[in-house]
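Position one of the sequence shown corresponds to residue 1 (full-length UniProt numbering), numbered consecutively onward.
Below: the structure, in structure tokens.
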Amino acid sequence: MPLDSESQLIKTQKQKVSINQHKQAGVTMQQAQRVVITGAGSGLGRELALCYAQPGAQLALADINEAGARETLALVRAKGAQGVVQRCDVRDYSQLAALAQTCEEQFGGLDVLINNAGVASGGMFWDLSLEDWDWQISINLMGVVKGCKAFMPMFLEQKSGHIINIASMAALMQAPGMSNYNVAKAGVVALSESLLCELQPVGVGVSVVCPSFFQTNLLDSYRGPSSQDKSDIAKLLENSPISAAEVAATIVRESADGQFMILPHEKGREAWAMKQAQPDAIYAEMTRLAEKKLGLSRA
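What follows is the structure, given as structure tokens:
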């Protein structure tokens, strides 16, 4: 069954997924006065900053590219918000702890933490080195773990606030040729589910975002053994019907509404519904994609 099928099964399952989404108390735009965003120097991070930029808001913009973060700050200030920039490599816990200290000292607390910093990678499992795995996991998974850890004392003391972790549809669908990326992002979903249950009793909310491909500069950080994989991903990014600004707006709106799992793309929601209803159909489709990547065809 093709992923883009508009069968009654998909429509029914999509409705069930929507109905069964876990809801919690969110942080509204009026309440989101103190916001931290990692990876704020470009792409989705910048668009999220612009969404939260409102008169009276204070934003801490962190990125390994400090110049990009400063460009974002200028745009934020043009919308009436204030903020600070801090260079931050999310692999280094001490830098995240310093960011948390800056927020405590300058903002007096935190309303929203967005762990957005991430990198792209690809390649068949047997072509990926252990160094490729270490690099991917250290940023896309452990960077989120360390971000949550650095700000956790503040959230526990406040007994309020919201954590938004940026994962990917790759966490749910596990396409071939990107196993280290899939695993890292699946870990972000598992971490977020764990935090949802642990933090809800103390008044702190959690959302995890699983977007599909959208127009961004993610490939600037791409690492993988094949230039063809990078080219294929570039085409998917370019042809996406949704922009980073639209993804950001969905994240802000649905997290404020208390949604836990946020799936910004309609096709992504349909595919996730299909996987829950008929996982074998998804595995068959992913196997077909793997065969295509390998230049094989079934007899």
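The beta carbon of each residue, even a glycine, is placed where N, CA and C say it ideally should be.
Measure from the alpha carbon of Met-124 to the alpha carbon of each residue in Gln-101, Gly-177, Asp-134, Gly-203, then state which is nearest. In the sequence shown, counting from the first residue as 1, residue 124 sits at position 124. It is Gly-177.
Decide if the stretch 197–214 is in contact with the stretch 159–173; the criterion is three or more beta carbon pairs, one per stretch, under 8 Å apart. yes
Please report the residue range of the alpha helix (DSSP H) in which Leu-289 lies. One-based indexing of the sequence shown puts residue 289 at position 289. Its alpha helix (DSSP H) spans residues 279–294.
Answer yes or no: do Gly-80 and Pro-55 have a C-beta to C-beta separation smaller than 8 Å? As a first step, residue 80 must be located in the sequence shown, where it is residue number 80. As a first step, residue 55 must be located in the sequence shown, where it is residue number 55. Yes. Within cutoff.
Determine the direct distance from the alpha carbon of Ala-97 to that of Met-29, and round the result to whole angstroms. The residue labelled residue 29 in the question sits at position 29 within the sequence shown. The residue labelled residue 97 in the question sits at position 97 within the sequence shown. Taking the straight line joining both Cα atoms gives about 26 Å.
Val-27 - DSSP class collapsed to helix/strand/coil: Locating residue 27 in the sequence shown gives position 27, where the first residue counts as 1. The answer is coil: DSSP assigns Val-27 none of H, G, I, E or B.
How big is the Cα-Cα spacing for Gln-86 and Asp-127? Residue mapping note: residue 86 aligns to position 86 of the sequence shown, counting from 1. Residue mapping note: residue 127 aligns to position 127 of the sequence shown, counting from 1. Going from the Cα of Gln-86 to the Cα of Asp-127 covers about 36 Å.
Can the beta-carbon of Leu-59 be found closer than 8 Å to that of Val-90? Here residue 59 refers to the residue found at position 59 when the sequence shown is read from its first residue. Here residue 90 refers to the residue found at position 90 when the sequence shown is read from its first residue. Result no, Cβ atoms of Leu-59 and Val-90 do not sit closer than 8 Å.
How is the beta strand (DSSP E) around Ala-60 delimited, first residue to last? Here the question's residue 60 lines up with position 60 in the sequence shown. 58–63 is the span of the beta strand (DSSP E), which, as asked, contains Ala-60.
Would you call the stretch 133–152 and the stretch 244–261 in contact, with 3 or more CB pairs under 8 Å? Counting Cβ pairs under 8 Å, fewer than three are found: no touch.
Beta-carbon proximity of Ala-62 to Ile-137, cut-off 8 Å: Working through the sequence shown from its first residue, we reach residue 62 at position 62. Working through the sequence shown from its first residue, we reach residue 137 at position 137. No. Outside cutoff.
Measuring only the C-alpha atoms, how far is Gln-15 from Asn-182? Mapped onto the sequence shown, residue 15 falls at position 15. Mapped onto the sequence shown, residue 182 falls at position 182. Any reading at Gln-15 is ruled out, since the residue's pLDDT is 47, under 50, leaving its predicted position unreliable.
Tell me the rounded alpha-carbon separation between Glu-47 and Trp-135. Counting from one through the sequence shown, the residue named residue 47 turns up at place 47. Counting from one through the sequence shown, the residue named residue 135 turns up at place 135. Roughly 26 Å between the two C-alpha positions.
Quick check: Cys-148 and Leu-195, are their CB atoms within less than 8 Å of each other? In the sequence shown, residue 148 corresponds to position 148, counting from 1. In the sequence shown, residue 195 corresponds to position 195, counting from 1. Cβ distance < 8 Å, so Cys-148 and Leu-195 count as in contact.
Looking only at its chain, what residues have a beta carbon closer than 7 Å to the beta carbon of Leu-263, apart from the 5 residues adjacent to it on each side? Taking the sequence shown and counting its residues from 1, one reaches residue 263 at position 263. Result list for Leu-263: Cys-210, Arg-269, Trp-272, in chain order.
How close, in whole Å, do the beta carbons of Gln-24 and Gly-258 come, if the pair is a contact with beta carbons under 8 Å? One-based indexing of the sequence shown puts residue 24 at position 24. One-based indexing of the sequence shown puts residue 258 at position 258. That pair is a contact at about 4 Å.
Are the Cβ atoms of Ile-164 and Val-204 separated by less than 8 Å? Within the sequence shown, numbered from 1, the residue matching residue 164 stands at position 164. Within the sequence shown, numbered from 1, the residue matching residue 204 stands at position 204. Not a contact, by the Cβ cut-off of 8 Å.
Just reading off the alpha helix (DSSP H) that Gly-45 is part of, what are its end residues? Translated into the one-based positions of the sequence shown, residue 45 becomes position 45. Gly-45 -> alpha helix (DSSP H) spans 43–52.
Within the continuous beta strand (DSSP E) that includes Ile-37, where are the two ends? The residue you call residue 37 lines up with position 37 of the sequence shown. 34–38 is the extent of the beta strand (DSSP E) around Ile-37.
At 3 residues or longer, and completely inside the stretch 126–183: list those beta strand (DSSP E) runs for me, N to C. Here the runs fully enclosed are 162–166.
Mapping the DSSP letters down to three states, classify Leu-73 as helix, strand or coil. Residue numbering aside, residue 73 sits at position 73 when the sequence shown is read from its first letter. Looking at Leu-73 - three-state DSSP - the assignment turns out to be helix.
Go through its chain and collect everything with a Cβ distance to Ala-256's Cβ below 8 Å, but skip five positions before and after it. For this step, residue 256 is matched to residue 256 along the sequence shown. These residues qualify, in order along the chain: Gly-26, Val-27, Thr-28, Met-29, Ala-32.
Please list the terminal residues of the continuous beta strand (DSSP E) segment that includes Val-209. Reading the sequence shown from its first residue, position 209 is the one you call residue 209. Taken as a continuous stretch (DSSP letters only), the beta strand (DSSP E) holding Val-209 covers 205–209.
Within a Cβ cutoff of 7 Å, which residues of the same chain sit near Gly-108, ignoring the five residues on either side of it in sequence? Start at 1 with the first residue of the sequence shown, and residue 108 comes out as number 108. Nothing listed; no residue qualifies.
Within 10 angstroms of its Cβ, does Asp-280 collect 16 or more other Cβ (buried), or is it exposed? For the purposes of this step, residue 280 is taken as the residue at position 280 of the sequence shown. It is exposed - the Cβ of Asp-280 has fewer than 16 other Cβ atoms within 10 Å.
How would you call Lys-159, buried or exposed, if buried means at least 16 neighbouring beta carbons within 10 angstroms? Against the sequence shown, residue 159 aligns to sequence position 159. Label assigned to Lys-159: exposed.
Met-274 versus Gln-82: straight-line alpha-carbon distance, rounded: For this step, residue 274 is matched to residue 274 along the sequence shown. For this step, residue 82 is matched to residue 82 along the sequence shown. Roughly 44 Å separates the two Cα atoms.
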